[in-house]
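**Student:**
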Amino acid sequence: LKMLRMSTSMTWRGLIRAVPLARTPQSLIFSSPAGKQWNREGGKSSGGAPVAWHSLLSAGAVAAMASVLLDEERLVHAQGEELQGKADMFGGVLIDSKTLPTSAQLFDTQLAGALSAWKTAGKKGIWLKLKPEHATLLATAYGHGFEMHHANKQNMVLVKWLPETPSTVPQPASHYVGVGIAVIDDQNRILVVQEKFGPAARRGKDFWKMPTGLVDNGEDIEVAAVREVLEETGVHVKFEGVLAFRQNHKTGVEGKTDLFFLVQS
218 LKMLRMSTSM TWRGLIRAVP LARTPQSLIF SSPAGKQWNR EGGKSSGGAP VAWHSLLSAG
278 AVAAMASVLL DEERLVHAQG EELQGKADMF GGVLIDSKTL PTSAQLFDTQ LAGALSAWKT
338 AGKKGIWLKL KPEHATLLAT AYGHGFEMHH ANKQNMVLVK WLPETPSTVP QPASHYVGVG
398 IAVIDDQNRI LVVQEKFGPA ARRGKDFWKM PTGLVDNGED IEVAAVREVL EETGVHVKFE
458 GVLAFRQNHK TGVEGKTDLF FLVQS
């Protein structure tokens, strides 16, 4: 990045905010915030100091990302001026929940204007995250064609697909990840436990099993294995590796797919 800045007469801010105006195999034109333009062959198209094409070669990728990540404060300014969003990397928009009003009537007006502006701009999936304090806005969002995507303790996440093409919005999380741990000592004995609650507990007092449990969100399998053994037995173990895994469908109250990993410690 430092080399790019030093090789042109543009400032770093000018480079990072450069927006591709046209991209074809024969030509590529960039525009800086000051309105100066440069073409692929090198030199200026209108105004400003000459800039060699090789100095902007890598800048093209930077500018494309910058136009998505750093210059999206102008996404929503039509009718719903106070409702704002940030572009994601898949051509969609993440509505900024901090700009959501408390009034359902005001939200209705702002959302209508924003959706119109985004559709004109060619945006795709529009994501709306509602916190508990925004629950009164849910019916309004449904009225504008939003659908529930997923929910957790903190948020309800809705999405609306704008183009007249099949939606490519990914499905919500569909899997559990479980882990079972085979703890084998130097005498080739395996550590087993009895459960007080759960499916294994219903099998009676003579049923013994390996320590098992679910992998937490954002937790590595090996970390989960060590944690589960410690929680269930008080024994500190070291993760050795994965022995096998299996897949099972329609698991739990939500009927999700379960991936279960058998590991050795």
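Residue numbers (the working numbering): 218 to 482. Ideal Cβ placement from N, Cα and C applies to all residues, glycine included.
#1: Restricting to runs no shorter than 3 residues, where is the beta strand (DSSP E) found entirely within the stretch 395-466?
#2: Are A321 and L354 close, meaning C-beta to C-beta below 8 Å?
#3: Measuring alpha carbon to alpha carbon, tell me which residue in V432, P416 and D433 is nearest W425.
#4: What span of residues does the beta strand (DSSP E) with L345 cover, start to end?
#5: Can you tell me which of the three DSSP states D313 falls into?
#6: Could you check which residue in K340, H466, F324 and Q481 has the C-alpha nearest to that of G458?
#7: So, under 8 Å CB-CB, F478 and F462 are touching, yes? Tell me the CB distance rounded to an integer number of Å.
#8: Start and end of the alpha helix (DSSP H) containing G330?
#9: Hey, out of L431, P428 and E412, whose CA is closest to K422's CA?
#10: State the start and end residues of the unbroken alpha helix (DSSP H) segment that holds L355.
#11: If T474 and H392 are in contact, beta carbons under 8 Å, what's the gap, nearest whole angstrom?
#12: Could you have a look at A352 and say whether DSSP puts it in helix, strand or coil?
#13: Using three-state DSSP, classify Q301 as helix, strand or coil.
#14: Would you say G362 and K377 are within 8 Å of each other, going by their C-beta atoms?
#15: What does the alpha-carbon distance come out to for the pair D433 and R444?
#16: Taking the alpha-carbon positions, what's the K189 to K315 distance?
#17: For M306, does the three-state DSSP call read helix, strand or coil?
#18: State buried or exposed for Q301, treating a residue as buried only when at least 16 other CB atoms are found within 10 Å of its CB.
#19: Count the other C-beta atoms from every protein chain shown that fall within 10 angstroms of the C-beta of A356, then say buried if there are 16 or more, exposed otherwise.
#20: So what does DSSP say about V374, is it helix, strand or coil?
#21: Measuring CB to CB, does P428 end up less than 8 Å from I407?
#22: So, with DSSP's three-state summary, where would you put F478?
#23: Helix, strand or coil: which one does DSSP assign to T382?
**Tutor:** By the coordinates alone:
#1: 429-431
#2: Here residue 321 refers to the residue found at position 104 of the sequence shown. Here residue 354 refers to the residue found at position 137 of the sequence shown. Yes.
#3: Here residue 425 corresponds to residue number 208 of the sequence shown, with the count starting at 1. The residue with the shortest Cα to Cα distance from W425 is P416.
#4: Walking along the sequence shown from the start, residue 345 turns up at place 128. It spans G342 to L347 - the beta strand (DSSP E) in which L345 sits, taken as one unbroken run.
#5: What you label residue 313 is simply residue 96 of the sequence shown in a count that begins at 1. Coil, per DSSP.
#6: The sequence position of residue 458 within the sequence shown is 241, counting from 1. For G458, the nearest C-alpha among the options comes from Q481.
#7: Taking the first residue of the sequence shown as position 1, residue 478 is located at position 261. Taking the first residue of the sequence shown as position 1, residue 462 is located at position 245. Contact flag correct, Cβ pair sits at about 5 Å.
#8: If you number the sequence shown from 1, residue 330 lands on position 113. Element bounds for G330: A321 to T337.
#9: In the sequence shown, the residue the question calls residue 422 occupies position 205. Out of L431, P428 and E412, E412 has the C-alpha closest to the C-alpha of K422.
#10: Along the sequence shown, one-based indexing puts residue 355 at 138. Looking at the DSSP string, the run of the alpha helix (DSSP H) that includes L355 is L355 to G360.
#11: As a working note, residue 474 is residue 257 in the sequence shown. As a working note, residue 392 is residue 175 in the sequence shown. Between H392 and T474 the Cβ distance is about 5 Å, and since that is below 8 Å, they are a contact.
#12: Residue numbering aside, residue 352 sits at position 135 when the sequence shown is read from its first letter. DSSP places A352 in helix when its eight states are reduced to three.
#13: Within the sequence shown, the letter at position 84 stands for residue 301. DSSP places Q301 in coil when its eight states are reduced to three.
#14: The residue given as residue 362 occupies position 145 in the sequence shown. The residue given as residue 377 occupies position 160 in the sequence shown. Yes, Cβ-Cβ distance for G362 and K377 is below 8 Å.
#15: As a position in the sequence shown, residue 433 is number 216, starting the count at 1. As a position in the sequence shown, residue 444 is number 227, starting the count at 1. Rounded to whole angstroms, D433 to R444 spans 10 Å at the Cα level.
#16: Absent from the model: residue 189. The displayed extent of the chain is 218 to 482, so no value can be given.
#17: To locate residue 306, count along the sequence shown from 1; it is residue 89. It is coil, neither helix nor strand.
#18: On the sequence shown, residue 301 is found 84 positions in, with the first residue counted as 1. The residue in question, Q301, is buried, as its Cβ has 16 or more Cβ neighbours within 10 Å.
#19: As a first step, residue 356 is located in the sequence shown; it is residue number 139 there, counting from the start. Exposed: under 16 other Cβ atoms inside 10 Å.
#20: Counted from its first residue, the sequence shown places residue 374 at position 157. Strand, per DSSP.
#21: Sequence index remark: in the sequence shown, residue 428 carries index 211 (1-based). Sequence index remark: in the sequence shown, residue 407 carries index 190 (1-based). It is not a contact, given that the beta carbons lie outside the stated cut-off.
#22: In the sequence shown, counting from the first residue as 1, residue 478 sits at position 261. DSSP places F478 in strand when its eight states are reduced to three.
#23: Here residue 382 refers to the residue found at position 165 of the sequence shown. Three-state result, T382: coil.
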